[in-house]
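Chains A and B, in that order, give the protein sequences.
Just so we're aligned, residue 3 is where the first sequence starts under the working numbering, counting upward by one.
Just so we're aligned, residue 23 is where the second sequence starts under the working numbering, counting upward by one.
All C-beta atoms, glycine included, are put in the ideal place defined by N, C-alpha and C.
All remarks here apply to the structure that follows.
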Amino acid sequence: ETGVTQSPTHLIKTRGQQVTLRCSSQSGHNTVSWYQQALGQGPQFIFQYYREEENGRGNFPPRFSGLQFPNYSSELNVNALELDDSALYLCASSSRFRGEGTEAFFGQGTRLTVV
Amino acid sequence: KQEVTQIPAALSVPEGENLVLNCSFTDSAIYNLQWFRQDPGKGLTSLLLIQSSQREQTSGRLNASLDKSSGRSTLYIAASQPGDSATYLCAVRGRGYSGGGADGLTFGKGTHLIIQP
């Protein structure tokens, strides 16, 4: 059973650019969610995908968007990067059962620096 | 809006001590609560998951309890070791106010734990 993997591990972008982060879910999981973690803070929920549709969103602007593919892998896209977007981006996979979320497993994260 | 608070923010204790980390949440309508460990600059490692219908879970030297009605959870670490040094995060999964089904996780800011050799 493979775990959650994210790519790339580190990334440096310039303000105003666009970025795509990738995540491969753990085998057997059908739900993927993305989180932003600023230094010294707890992760903040960005959005969640279930069966390729967005199924829950935190307090993030529309320039944060995503996709989930038939194999349950996922992408996080951020347009018009701002300096405050610099953070560790975490992907988590889990399963849905009778509407409930099971245990969430996280990847190692992508460290994004916007300069 | 769900808010999660963790106390203390930081803790430093000698090796071998038993310790308790606290987590409180404002909205008791949760599906489950999960405790994680995070090493510096790394992802999150799941430690324990407690469903809303459960009172506690145990894994090795770790024991987590949940009192949903009072909005509290504790993580008990027995016989602490230097390898336990990390940030411990508590997170709750809400009941999907945003549209049917489980919501994302709401995290506290964590407890930074140092175990002195």
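query                                                                                                                                                              : result
Does any C-beta atom of chain E lie closer than 8 Å to the C-beta of T128(B)?                                                                                      : Any reference to chain E falls outside this structure, whose protein chains are A and B.
Compare the Cα-Cα distances from R53(A) to each of R65(A), P72(A), R59(A) and P64(A) and report the closest residue.                                               : P72(A)
Is the segment 51-59 of chain B in contact with the segment 69-88 of chain B, if contact means three or more CB pairs nearer than 8 Å?                             : yes
Is it true that the CB of S88(A) sits closer than 8 Å to the CB of V116(A)?                                                                                        : yes
For S9(A), which residues from the same chain have a beta carbon less than 6 Å from its beta carbon, with the 5 sequence-adjacent residues on both sides left out? : R24
Which first and last residues belong to the beta strand (DSSP E) in which G116(B) is found?                                                                        : A108 to G116
Quick check on the burial criterion: 16 or more other C-beta atoms within 10 angstroms. Buried or exposed for Q20(A)?                                              : exposed
Does the beta carbon of G121(B) sit closer than 8 Å to a beta carbon anywhere in chain A?                                                                          : Reliability of the predicted coordinates at G121(B) is poor, the pLDDT of 46 falling under 50, and the value obtained from them is presented with this limitation in mind. G121(B) counts as touching chain A.
Output, in sequence order along the chain, the residues in the segment 60-72 of chain B whose CB is closer than 8 Å to any CB in chain A.                          : G63, K64, G65, L66, T67, S68 and L71
Under the three-state reduction of DSSP, which class applies to D61(B): helix, strand or coil?                                                                     : coil
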